[in-house]
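In this text, residue positions in the sequence shown follow full-length UniProt numbering: the first is 1, and each later residue adds one.
Below is one structure, written out as structure tokens, with a few remarks after it.
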Amino acid sequence: MDVNRAVIERLTSNGIDTMFGIPGKQTLPLNEAIGARDDIRFVVARHETAVSHQAWGYAETSGTPAATAVVPGPGDMNAMNGLKNARNDCTPLIHIAVETEPEVRGGSGIHETPPETYDTVVKENLLAERPESTAAVIEDAIAIAETPPKGPVRIGIPKNFLTMDVPLATPSEYNRAYVEGVAESDIEAAATLLAEATTPVILAGGGVRAANASDSLRRLADRLEAPIVTTYKGKGVLPDDPDEYVAGTLSGSASPELLDCLATADAALAVGTDFDAVATRTWSVELPADLVHVTLDADDLGNGYDPTVGIIADAGVALAELEAALADRTVSARDGTGRAAAVREATSDRLDPLRDPSPPLTSVSALESVRDAVPRDAVVSVDAGGFRVWALNVFEAAGPRSYVNPGSWATMGTGLPAGIGAQLANPDDDVVVLTGDGGLMMCIHELHTAVAENVPITVVVFTNEDYAIISDQARRDYDLSDGEYNWSDAPISFMSLAESMGMRSEYADDPTEIRSTVESATAADEPVLVQIPTDPSEPQASDWMSTE
């Protein structure tokens, strides 16, 4: 069988129906194989960095992996940014990199990079050493990517292999084996500790979403009467609703009240989180001494915090086992939703002075106006940047797969390509991209991808003509001028840029106009850009929210 056709057959046999990439001479055999089928789509991006971000957005919102394909060297290395983002977020991707031929390797062939270059940015880096093994390597890669903790897997396939017709070995099935079950003694110890606590709290990370364990989390929070604080990647595992247990998101802009909720608890259950340095402010966030930590990776235990009980298990399995162990126990805590509501109300009170409806709007006012207009069940893809830090506090997430944002890698330029991936994964849902002008300029070319591929996303760009977080610190902590990194003398019309690529564009600068414009844009069956100017002199979220 032709190797190129076998590669695509292995992908589709495993339910992978979308591949993102930029065609090159080396990848054309794969494109030929895709063109002969109607069960897989090839999406042509405009830059390889966007390719892996698109696949990340697809997997984040669907729970199933997409594939990517790039040329060697420059293409592969451009995609590394998104691969590392997916690695940090435990997001499954199948990254096919067409490699230099074995007989040329080491001789500085075109685009050649040593295969081991990519070892540290993916969960595993595989190489097809013989054409006959290619299908088996693809099957192995998919199993590794989908085995919790999930992650991106790179497969290097020499380009001359793809056009060969050889006997191919394909195992019938690969086992997605990982840690199963949970130690009964650990569950019993954790249940006793949590049942006896009078003010417990739950810290929920992205592992809860990866395990599709939101319902289990809700039931356990209800049983323990425990408010829930989410991490960056945990935001949305339960909706940010008044009748839910979610108190807020742990971040560099978390309010003192939210931090106090963690610090004054007499026990904490941290589930599906690795306690990364970004969310915990380099482990300076205070947590109670009585700590139950649930993680799939044993190396996470003791990372910044010493657990009283460490549990190596899938988040869903551990939550279900804890729920069962607590069923017949007397629980000491009371009024978990009330404690969560008190934190949310205190956070909201801090934001009140920033809700002035007069232009130029603050990020708070602009984000809340957009939230009012976006359908509750829409998927929202959020870029990194200053507005994202505000969004963690003010933009309500509606469910576990409805809010996409990068975690500890925090790379800018993800919002638009991830939104394209999210829309392709969820064709019947509204998808809205939230981005800043700095982030959008790092992936502006993907507006054209949205138009060319008929992807009906709504792109909301908040413009302040500045890398405001950087300019703020440059002025405050260094001998640099106010607005050091703004470009107000060279303003960008994102409406003109969008229209030049065939995308409809709109402008709104007050809450009423924002609500009507964004509502109309999301209802449209075409890609639309909405430009919203925000105040370049507004305070930064981390400064404002930390003020006592």
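Backbone N, C-alpha and C fix where the C-beta goes; we use that ideal spot for every residue, glycine too.
The criterion of a C-beta distance shorter than 8 Å is not satisfied by M412 and H448. Just measuring C-alpha positions, the residue of L367, Y467, Q423 and D428 sitting nearest G439 is Y467. For M503, the number of other beta carbons within 10 angstroms of its own is at least 16, and it is reported as buried. T337 is not a Cβ neighbour of A265, given a cutoff of 8 Å. Within a 10 Å sphere around the beta-carbon of S381 sit 16 or more other beta-carbons, which makes this residue buried.
Taken in chain order, the complete beta strand (DSSP E) segments of 3 residues or longer contained in the stretch 34–115 are 41–44, 66–70 and 93–99.
Between L287 and L262, the C-beta spacing is below 8 Å. Of all C-beta pairs linking the stretch 111–122 to the stretch 91–102, three or more are shorter than 8 Å, placing the two stretches in contact. The beta carbons of V237 and P400 sit closer together than 8 Å. Taking the Cβ atoms as the reference, V121 lies roughly 22 Å from R176, outside the contact range of under 8 Å. In this structure Y245 is buried. Its beta-carbon is surrounded by 16 or more other beta-carbon atoms within 10 angstroms.
Residue state for T117 is assigned as helix, using DSSP reduced to three classes. Between N405 and T347 the beta-carbon gap is near 18 Å, outside 8 Å, which marks them as no contact. The residue among P148, G151, F161 and P171 with its C-alpha nearest the C-alpha of D140 is P171.
Under the DSSP assignment, A391 falls in the alpha helix (DSSP H) whose first and last residues are G386 to V394.
Boundaries of the beta strand (DSSP E) around L203: P200 to A204. Straight-line spacing of the CA atoms in D240 and A397 works out to 6 Å.
In the DSSP annotation of this structure, F494 is not part of any beta strand (DSSP E); the continuous alpha helix (DSSP H) holding it starts and ends at F494 to S500. In the DSSP assignment, the residues bridged to E124 are V153. Assignment of beta strand (DSSP E) within the stretch 191–238, counting only whole runs of 3 or more residues, yields 200–204 and 228–230 in chain order. Residues of the same chain with a CB within less than 7 Å of the CB of A213, apart from the 5 flanking positions on each side, are A315, G316 and L319 in chain order. A Cβ-Cβ distance of about 47 Å is found for the pair V285 and T134, leaving them out of contact under the 8 Å criterion. By the CB criterion at 8 Å, T61 and N426 fall inside the cutoff. Taking the CA atoms as reference points, V166 sits about 39 Å from G419. Counted as a single uninterrupted DSSP element, the stretch harbouring R334 is not any alpha helix (DSSP H), since DSSP gives it neither H nor E. In this structure L434 is not in contact with A373, their Cβ atoms being roughly 12 Å apart against a cut-off of 8 Å.
DSSP places A508 in the coil class of the three-state scheme, outside both helix and strand. Close CB contacts of R329 within its chain, under the 7 Å cut and outside five residues either way in sequence, are with A191 and A195 (chain order). Straight-line spacing of the CA atoms in I138 and A50 works out to 23 Å. Residue state for G483 is assigned as coil, using DSSP reduced to three classes. Between S402 and A378, the beta carbon gap of about 7 Å places them in contact (Cβ cut-off 8 Å). S358 counts as exposed, since fewer than 16 other C-beta atoms from the protein chains shown sit within 10 angstroms of its C-beta. Given a length threshold of 4 residues, each whole run of the alpha helix (DSSP H) inside the stretch 403–474 is given here in chain order: 415–425, 437–441 and 446–452. With distances taken between CA atoms, R339 lies nearest to L224 out of V309, V370 and L224.
Note on geometry: alpha-carbon atoms of L480 and D489 lie some 18 Å from one another.
Collapsing the DSSP output to three states places F161 in a helix.
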